RNA sequence: GGGUAGAUGGCCGAGUGGCUAAAGGCGACAGACUGUAAAUCUGUUCUCUUCGGAGUACGGAGGUUCGAAUCCUUCUCUACCCA
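In our numbering, the protein residues as written are 2 to 426.
See below:
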């Protein structure tokens, strides 16, 4: 299977320009994907483009990861119905550093290899270009008619808030990136999410008109969840790659709780397992879905890929403690079990209040597990709170020393999936 | 520059002087069922609360009124039409 066939089978190709497959089969091809510095960490939505680069490199081609130091100052209008807020320079630099650090983990930058990955920042070539130069050398090659025909622009022109000149010009900058990489690194292919198609084709057009060259492109589908929700969002917000922002346990849980439908799609995209193995897994899963083989395999592979083996093991340990033998009393957990619950939010609480005994509503609010007494009361009335694995059915319940595990812990669960450990100081 | 229609809770959208913290839908959270699944059903969803209430809120500011999301003035923004 060649690279394009492989990616197609995995469901990672949405649109592809004619000739792309032939180009990739012909020679080692340099290809790039741009990453926007909108935050100081990438989130799992960026994993798909990262994996495209990894697949590309594995197939012997040369990946370029571009961070948008210049384009990040402008803001991509694609996929947005309103104008972006401009990032200030300090934040931008912080974001660039964070993203660079993460990207460097996933690709092989060993310069001995001819297809070593390269990281570039488009600020490096944009900083020296004056506005006049840009208008004369680049703007002249592309008509406004062409630019306005792009979906991302058309939607905004027809939409409520309009589009600023700044964001309108964005596609020219991204187009220039591609042109620059084509000229300086012989980069002939750009990949990205399907929302990038318009920006990408402006690049190939610019290369054709300005350099008389031919460049190629393909995009991957934007992921959605089977329930139509945004991929990569949970009740806590984005699922980040940075373990400081999203702990490996939560990260693991995200994949483990995928629906069957999503798991079938995602296992092809987010693991490197071959077609045979995946077919077997799907068959096994359908035979006994309650084992959730797909979810477990998916969660394992991707957690190891992003956080490493150790973090994966810790995440499964914590998962065991919290979700396995649900009938086992919380008292059966050892001090080590409780202390070792990686990724479970921990709260301290003063012992004196426990000695006196405190009502459950105040306890939940004062620890910070719930934002206020009102919320705590509502959650209790909904039956959403368990203490030491036993559902609390009275708002009046008193927390005192008899509730302590090993004289100093209380295991609180909000719903089934949100555990908190309160440690009595 | 002239005219017309708009701006309501995370989003969509009803409401045109008191019965409105504001219908309905979506989303989100929780419960039941299950497999930490889906579908379905139920509850919650401005903030705080001693669960009795209290406070803030229908683009901004001011006004009329016992009482305003609703009426008036003005400002800001958006769409459409005319120049």
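Built from N, CA and C at the ideal position, the CB exists for glycine as well.
All figures in this text were calculated on a predicted structure; none of them were measured in a lab.
DSSP state of residue i mapped onto helix, strand, coil
| i | result |
| --- | --- |
| residue 280 | helix |
| residue 306 | helix |
| residue 194 | strand |
| residue 51 | helix |
| residue 383 | coil |
| residue 375 | helix |
| residue 110 | coil |
| residue 246 | coil |
| residue 348 | strand |
| residue 232 | coil |
| residue 407 | coil |
| residue 200 | helix |
| residue 100 | helix |
| residue 391 | strand |
| residue 239 | strand |
| residue 128 | coil |
| residue 355 | helix |
| residue 294 | helix |
| residue 75 | coil |
| residue 399 | strand |
C-beta atoms of residue i and residue j nearer than 9 Å
| i | j | result |
| --- | --- | --- |
| residue 77 | residue 15 | no |
| residue 425 | residue 397 | no |
| residue 242 | residue 267 | no |
| residue 197 | residue 35 | yes |
| residue 182 | residue 207 | no |
| residue 359 | residue 415 | no |
| residue 377 | residue 400 | no |
| residue 421 | residue 345 | yes |
| residue 221 | residue 49 | yes |
| residue 42 | residue 133 | no |
| residue 343 | residue 318 | yes |
| residue 151 | residue 71 | no |
| residue 209 | residue 216 | yes |
| residue 38 | residue 97 | yes |
| residue 54 | residue 149 | no |
| residue 111 | residue 117 | yes |
| residue 389 | residue 325 | no |
Alpha helix (DSSP H) segment containing residue i, residue limits
| i | result |
| --- | --- |
| residue 419 | Counting along the chain, residue 419 falls outside any alpha helix (DSSP H), though it belongs to the beta strand (DSSP E) covering 419-425. |
| residue 175 | 171-186 |
| residue 14 | No alpha helix (DSSP H) contains residue 14, which DSSP labels as neither H nor E. |
| residue 266 | 261-271 |
| residue 414 | Unbroken run through residue 414 is the beta strand (DSSP E), 410-415; no alpha helix (DSSP H). |
| residue 22 | 21-27 |
| residue 4 | 4-10 |
Endpoints, beta strand (DSSP E) assigned at residue i
| i | result |
| --- | --- |
| residue 148 | Per DSSP, residue 148 belongs to no beta strand (DSSP E); it is in the alpha helix (DSSP H), 145-149. |
| residue 120 | 119-122 |
| residue 220 | 217-221 |
| residue 251 | Residue 251 -> not in any beta strand (DSSP E); alpha helix (DSSP H) instead, spanning 249-257. |
| residue 32 | 31-36 |
| residue 364 | Counting along the chain, residue 364 falls outside any beta strand (DSSP E), though it belongs to the alpha helix (DSSP H) covering 361-368. |
| residue 334 | From DSSP, residue 334 is part of no beta strand (DSSP E); its letter is neither H nor E. |
| residue 63 | 63-68 |
Whole-number beta carbon distance between residue j and residue i, since they are thought to touch under 8 Å
| i | j | result |
| --- | --- | --- |
| residue 203 | residue 164 | Residue 203 to residue 164, Cβ: 15 Å. No contact. |
| residue 316 | residue 364 | Not a contact, Cβ separation roughly 28 Å. |
| residue 24 | residue 190 | 7 Å |
| residue 297 | residue 257 | 7 Å |
| residue 307 | residue 252 | 7 Å |
| residue 269 | residue 12 | 6 Å |
| residue 107 | residue 65 | Not a contact, Cβ separation roughly 14 Å. |
Cβ neighbour criterion (16 or more within 10 Å) applied to residue i
| i | result |
| --- | --- |
| residue 115 | exposed |
| residue 265 | buried |
| residue 147 | exposed |
| residue 271 | buried |
| residue 121 | buried |
| residue 334 | buried |
| residue 404 | buried |
| residue 63 | buried |
| residue 213 | exposed |
| residue 185 | exposed |
| residue 29 | exposed |
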